[in-house]
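So the structure is just underneath, and the comments pick up after that.
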Amino acid sequence: MTKPGPLSLNTATVKEQWSLQQCIEGCARHGITGISPWRDKLAEYTTAKAAKHIRDVGLTVTGLCRGGMFPAADAAGRAAAIEDNKRAIDDAAALGAQCLVLVVGGMPAGSKDIAGARSQVRDGIAAVLEHARAAGVPLAIEPLHPMYAADRACVNTLGQALDICDGLGSGPNDRHLGVAVDVYHVWWDPTLAAQIGRAAKRVLAFHVCDWLVPTTDLLLDRGMMGDGVIDIPAIRAMVEGVGYDGFCEVEIMSAGNWWRRDADEVLRICKERHATAV
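Residues in the sequence shown are numbered from 0 upward in steps of one, following numbering that gives the first Met the number 0.
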């Protein structure tokens with residue numbers, strides 16, 4: 000097995016311990032060469048300050064989390080989501096981010112129309128795609144595990160995400176619109192290998208953590224790589240097999256464990272597991 004690509008820190012991994020400024024400093028201190036900020040942390044620091052700090056220490060911004068959340072109960076809500084996504088695209092451009100990750104959103108409150116929500120997602124992405132192209136920011140649709148279909152993401156498989164890409168004119172070699180492959184969300188999919196093959200050059204980001212058994216919280220009990228049941232090296236081989244040669248971005252949301260630990264310890268263990276379990 001080849002060595003994994005370089006390591007990137009998704010700031011969600013230490014969101015309870017560190018500000019974005021501290022995350023940037025921590026990556027530099029630990030020799031982690033990539034970072035993927037969340038927008039709440041970015042807003043606290045400001046985009047201009049963060050962009051300068053990231054450039055000064057030589058980090059690569061592997062993604063900005065997150066855009067999306069397109070479905071809404073009325074036209075005003077849908078328009079507000081589109082404007083928010085355009086602001087996210089502008090921030091991603093200012094940071095030099097390799098992509099803007101789209102967590103597309105679930106069904107509007109009170110709705111039972113998941114097909115309608117998926118249609119709103121497609122329309123929302125279509126509405127911001129040219130803005131993203133002009134800004135030079137690839138859009139990465141991140142399918143989430145079906146347990147999130149109602150409230151977080153009604154796009155739940157790589158196949159569904161790629162159907163959107165195809166429908167909006169993104170071919171296998173078009174890196175303007177593609178997918179983020181997060182092992183936590185896709186490891187269970189029996190068509191995973193085929194869909195990664197279909198994605199080809201449209202794999203824009205690769206996120207790693209692990210699925211614990213038993214798990215105590217479906218959102219906030221993700222495991223460190225190697226502590227759960229996901230065959231991460233096998234999935235990495237799939238994405239590398241279609242030409243992905245980018246970063247392995249560690250994104251661990253863990254209220255009961257990793258968010259309670261010293262953040263420097265978390266980064267040290269991330270580096271160790273990146274070398275042994277990814």
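Note that the Cβ used here is the ideal one computed from N, Cα and C, for glycine as well.
Taking the beta carbon of residue i as the centre, do at least 16 other beta carbons fall within 10 Å, making it buried, or is it exposed?
i: Pro142; result: buried
i: Asn172; result: exposed
i: Thr275; result: exposed
i: Arg267; result: exposed
i: Trp37; result: buried
i: Arg201; result: buried
i: Pro189; result: exposed
i: Pro213; result: exposed
i: Arg272; result: buried
i: Ala193; result: exposed
i: Glu43; result: exposed
i: Arg65; result: buried
i: Lys40; result: buried
i: Thr12; result: buried
Taking residue i as the reference, which of the options has the closest Cα?
i: Ile231; options: Thr214, Glu239, Met252, Asp209; result: Asp209
i: Asp165; options: Ala78, Gly95, Ile124, Ala72; result: Ile124
i: Ala116; options: Asp150, Leu167, Ala42; result: Asp150
i: Lys270; options: Asp55, Ala27, Ala193; result: Ala27
i: Cys279; options: Gln194, Ala148, Val60, Thr190; result: There is simply no residue 279 to check, as the chain begins at 0 and stops at 277 in what is shown.
i: Glu239; options: Ala42, Arg65, Val277; result: Val277
i: Ala198; options: Glu129, Phe205, Val178, Asp55; result: Val178
i: Ile229; options: Asp263, Glu250, Trp186, Gly33; result: Trp186
In whole angstroms, give me the CA-to-CA distance for residue i and residue j.
i: Gly170; j: Arg86; result: 26 angstroms
i: Ala74; j: Ala108; result: 14 angstroms
i: Ala254; j: Ala236; result: 30 angstroms
i: Trp257; j: Val265; result: 7 angstroms
i: Lys111; j: Asn84; result: 25 angstroms
i: Arg260; j: Trp17; result: 11 angstroms
i: Ile88; j: Ala134; result: 7 angstroms
i: Leu128; j: Pro3; result: 31 angstroms
Who are the Cβ neighbours of residue i in its own chain at under 6 angstroms, not counting the five residues just before and after it?
i: Met234; result: A small correction: the amino acid at residue 234 is Ile; Met does not occupy that position in the sequence shown. So the list reads Val182, once near-sequence residues are dropped.
i: Gln119; result: Phe69, Pro70
i: Glu15; result: Trp258
i: Ala152; result: Val102, Val103, Leu143
Please work out which residues of its chain come closer than 7 angstroms, Cβ to Cβ, to residue i, disregarding the five sequence neighbours upstream and downstream, and give them in chain order.
i: Leu211; result: Asp220, Gly222, Asp226, Gly227
Excluding the 5 residues flanking residue i on each side, which residues of the same chain have their C-beta closer than 8 angstroms to its C-beta?
i: Arg132; result: His175
i: Asp263; result: Gly25, Arg28, His29
i: Leu191; result: Leu157, Val185, Ile234, Met237
Touching by the beta-carbon criterion (3+ pairs, under 8 angstroms), the region 237–246 and the region 218–226: no
contact_flag[the region 36–50, the region 90–107] where n(CB pairs < 8 angstroms) is 3 or more: yes
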